[in-house]
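Shown next, in structure tokens, is the structure this report addresses.
2 protein chains.
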Amino acid sequence: MVTMKDVGREAGVSAMTVSNVLRGNTNVTPETAQRVREAADKLHYRLNTTSLSARSLRVSASRHGRNFSTIGLAIFELDRPYPSQLASLISQAAEKRGYQTVVQETRINADNERSIIERVSNQFCDGLIFSSSRLSAAEIEQLSNHRPTVLLDDDRPQQDIDTILTPSETGAQAAIEYLWSTGKRHIGIIGGLGESLDEHETFDSNDTRHRRLMGCRNAFDTLGVDWMSVPIIATPWNDTDARQAIIQNADIVRSCDALFCMTDTTAFGVIRGLKDIGLSVPDDIAVMGFDGIEMGAIMTPSLTTVAVDIPMVAQKAVDMLIERIDDESDRKRQRIVADFHIAQRESA
Amino acid sequence: MVTMKDVGREAGVSAMTVSNVLRGNTNVTPETAQRVREAADKLHYRLNTTSLSARSLRVSASRHGRNFSTIGLAIFELDRPYPSQLASLISQAAEKRGYQTVVQETRINADNERSIIERVSNQFCDGLIFSSSRLSAAEIEQLSNHRPTVLLDDDRPQQDIDTILTPSETGAQAAIEYLWSTGKRHIGIIGGLGESLDEHETFDSNDTRHRRLMGCRNAFDTLGVDWMSVPIIATPWNDTDARQAIIQNADIVRSCDALFCMTDTTAFGVIRGLKDIGLSVPDDIAVMGFDGIEMGAIMTPSLTTVAVDIPMVAQKAVDMLIERIDDESDRKRQRIVADFHIAQRESA
DNA sequence: CTGAAAGCGCTAACAT
DNA sequence: ATGTTAGCGCTTTCAG
């Protein structure tokens, strides 16, 4: 790395004079300035912004002038539409506020999450946004030295941490009610937990999956449908597995006139699986998703879905985090539930 | 601002001990550690990342200071399948080699790219993978202080930097030849540049778009088709714009029996647009894409495409970068072109 | 007009 | 087990 000292040596002056020349010619002879500039050019000198910010500690602890702030985003997956859209929107919202976002994939693995906090977030982030963490809020607090943190979509009511939730219960409930309102009377659910097939009661409350199932259950209860009679097909939330699940449960599927899928990506695979077993959407069977990813509007058939206001999630996450960074006092933690609407499209 | 010194005073120890406690308990009695942590809690101490960066200048200068093995990935977009799959695969390949990946979105903006290099990559990454940069290799070299760098899909032949290319020319050529082999004689191209509609000759050679167009042209030349007669519809490479482009160019589209789309995402929007204007795929018209994203196999109809070996791109990128990190000598730069195959599916 | 010194918060290396 | 020292690149201060 070329430093001012190097440039100074080349030009036969001190680093201080180099500094003076490069930041406006305060009291330097034109000839000296010229020599310095030539030396800097020759050595490809570039002002080191890092040390500049180190310097700024001394000048004033508060942010002044240019801002070198960074926020970390730990997200469970990068290769599916919902999380990647979220990551992109957060990056852009942060940029508008002068923050650079660094994204890291956790693959929902606690060790990865610890590694991210210790190796990256603690080292150079002013704050951290965590999407679906395996860690407890307490562990995050401790590992991160109480760095400002916002949790996304991780509903553990007892935890004292800023949180933004997707409207899992109300959204799922609205979905079932919507399908019912279009005359469907044999609604199946795709993407429940493996265990929930056998034992619908033993829910672990801190899980998006369970919250969405609870929303469904509430709807069915209200509609007078016996929850135990509702077909629930367990599958991981991705298109490939969802497609297989449909093929392997073709008989159950054929007994339904509508399927509610726990995510849009699941619905995408479901629609494919339905085609594989000879059913067409929406003529033979209606399909509805949850999330509101962009491709839902483009796919064929376009996807009726619980469209979460994803830009709102991103914006609120960034706003809450920056508020927390700027104001170090121990304000009360916030908990926000994102808006949604039923995007009524071709598939249901 | 609360510093380690403050915490130390509170706990009755030196700042050094505070540092030791907070960064892993190397040789500190549990009681001291406890006192320090309590003091830090009480004062709401937070590690100052700015001074850490200042510190890191020293470490990374000598380069032997134990680093946290982090690689940076600067990628043009995070909210589309191809780049997000790539980011995910790179993260996972890096993890297997003991590296943590931090991903940053550039949105193909030179200032963002500079900011990433200066604010993050230079500070905390052992190396950098750049996907489609707006910067010249020389500028990257200079800004990054000659940090190990691998460029993805950025073909500027004159540039001296490790590069992995997608097989744009050969892939596009193979696509056209495939469509021809299935009997299609009126093949249109979707996703060319705006300018290329008017003036097919004035290509700027360093652009994936142009390389794919060149591949098409080669194929048509070989097949004896006049390149100037080939319909090319310009549109940005995303589904929404592609859909609109089809609707707005319905007449041109109707004169074709096959469409080659410059990316899979473009093809996704094209298929939707074709439905909008009453054409069905593949019965009325064949559609082919380029990239090989996973959802191509799931969508309806499934997408025939130039399937680039994306896992190979990710693996090679990580391997090349780590090789470069481990071996600081100025070995000759490498240039690798990824494999591909024609994934023959329903759409063509 | 120019430069030496001091110091921003932190930690590797060394000392006690 | 804990503390001391030095120094990362830069700029404010103040002496030459």
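The listed protein sequences derive, respectively, from chains A and B. UniProt numbering puts the first residue of the first sequence at 1, with every later residue one more than the last. UniProt numbering puts the first residue of the second sequence at 1, with every later residue one more than the last. All C-beta atoms in this analysis are idealised placements derived from N, C-alpha and C, irrespective of residue type, glycine included.
By the beta-carbon neighbour count (other beta carbons within 10 angstroms, threshold 16), P30 (chain A) is exposed. Close CB contacts of I285 (chain B) within its chain, under the 8 Å cut and outside five residues either way in sequence, are with V253, C256, D257, A258, L259, L274 and L279 (chain order). Around G289 (chain A), no beta-carbon contact reaches into chain B at under 7 Å, the shortest distance being about 14 Å. A direct Cα-to-Cα measurement between I140 (chain A) and N218 (chain A) gives close to 33 Å. In its chain, beyond the 5 residues on either side, R114, I117, E118, N122 and L135 have a beta carbon closer than 8 Å to the beta carbon of L143 (chain B). Contacts with chain A at 8 Å (Cβ-Cβ) do not include T235 (chain B). Any Cβ of chain B closer than 8 Å to the Cβ of C261 (chain A) would place that residue at the interface, and such an atom is absent. The C-alpha of D241 (chain A) is placed about 14 Å away from the C-alpha of A250 (chain A). The beta-carbon of C216 (chain A) is placed no less than 8 Å from the nearest beta-carbon of chain B. Chain A has no Cβ within less than 8 Å of the Cβ of F76 (chain B).
Of the candidates B:I325, B:I246, B:A172 and B:F220, B:A172 places its Cα closest to the Cα of F290 (chain B).
Its Cα nearest to that of C261 (chain B), the residue B:A174 stands out among B:V36, B:R333, B:A174 and B:D339. In the three-state reduction of the DSSP assignment, Q334 (chain B) falls in the coil class, being assigned neither a helical nor a strand state.
Around the beta carbon of S229 (chain A), a 10 Å sphere encloses fewer than 16 other beta carbons of the protein chains shown; the residue is thus reported as exposed. With contacts defined by Cβ atoms closer than 8 Å, T305 (chain B) and M288 (chain B) form a contacting pair. I108 (chain A) is a Cβ neighbour of F76 (chain A), given a cutoff of 8 Å. For the segment 244-274 of chain B, residues whose beta-carbon sits nearer than 7 Å to a beta-carbon of chain A comprise F268, G269, I271 and R272. If only complete runs of 4 or more residues are kept, the segment 243-297 of chain B shows the alpha helix (DSSP H) at 250-254 and 264-276, in order along the chain.
DSSP, reduced to helix, strand and coil, places A219 (chain B) within a helical segment of the structure shown.
Taking a Cβ-Cβ threshold of 9 Å, none of the residues of chain A is close to V28 (chain B); the smallest such distance is about 16 Å. F124 (chain A) has a beta carbon lying within less than 8 Å of a beta carbon in chain B.
The alpha-carbon of S84 (chain B) is positioned some 19 Å away from that of S168 (chain B). Per DSSP, T32 (chain B) is one residue of the alpha helix (DSSP H) stretching across P30 to L43. Here DSSP, grouped into helix, strand and coil, assigns E118 (chain B) to helix.
In this structure, V102 (chain B) places its C-beta atom within 8 Å of the C-beta atom of V120 (chain A). For A307 (chain A), there are no C-beta contacts with chain B under 8 Å, since the nearest C-beta of that chain is about 16 Å from it.
Contact of S19 (chain A) with chain B by beta-carbon distance below 7 Å is absent, the smallest such distance being about 16 Å.
Within a 10 Å sphere around the beta-carbon of G192 (chain A) sit 16 or more other beta-carbons, which makes this residue buried. Taking a C-beta distance under 8 Å as the contact criterion, G224 (chain A) and T170 (chain A) do not qualify as a contact pair. Going by DSSP, G127 (chain A) is part of no alpha helix (DSSP H) but of the beta strand (DSSP E) stretching over G127 to S131.
Not a single CB atom of chain A sits nearer than 8 Å to the CB of A11 (chain B).
Between R272 (chain B) and R243 (chain B), the C-beta spacing is below 8 Å. A138 (chain A) and L151 (chain A) do not touch by the CB rule: their CB atoms are close to 12 Å apart, not below 8 Å. Counted as a single uninterrupted DSSP element, the stretch harbouring V306 (chain B) is not any alpha helix (DSSP H) but the beta strand (DSSP E) occupying residues T304 to V308. By the CB criterion at 8 Å, T265 (chain A) and Y82 (chain A) fall inside the cutoff. Put simply, the CB of I116 (chain B) is near chain A, with a gap under 8 Å to one of its CB atoms.
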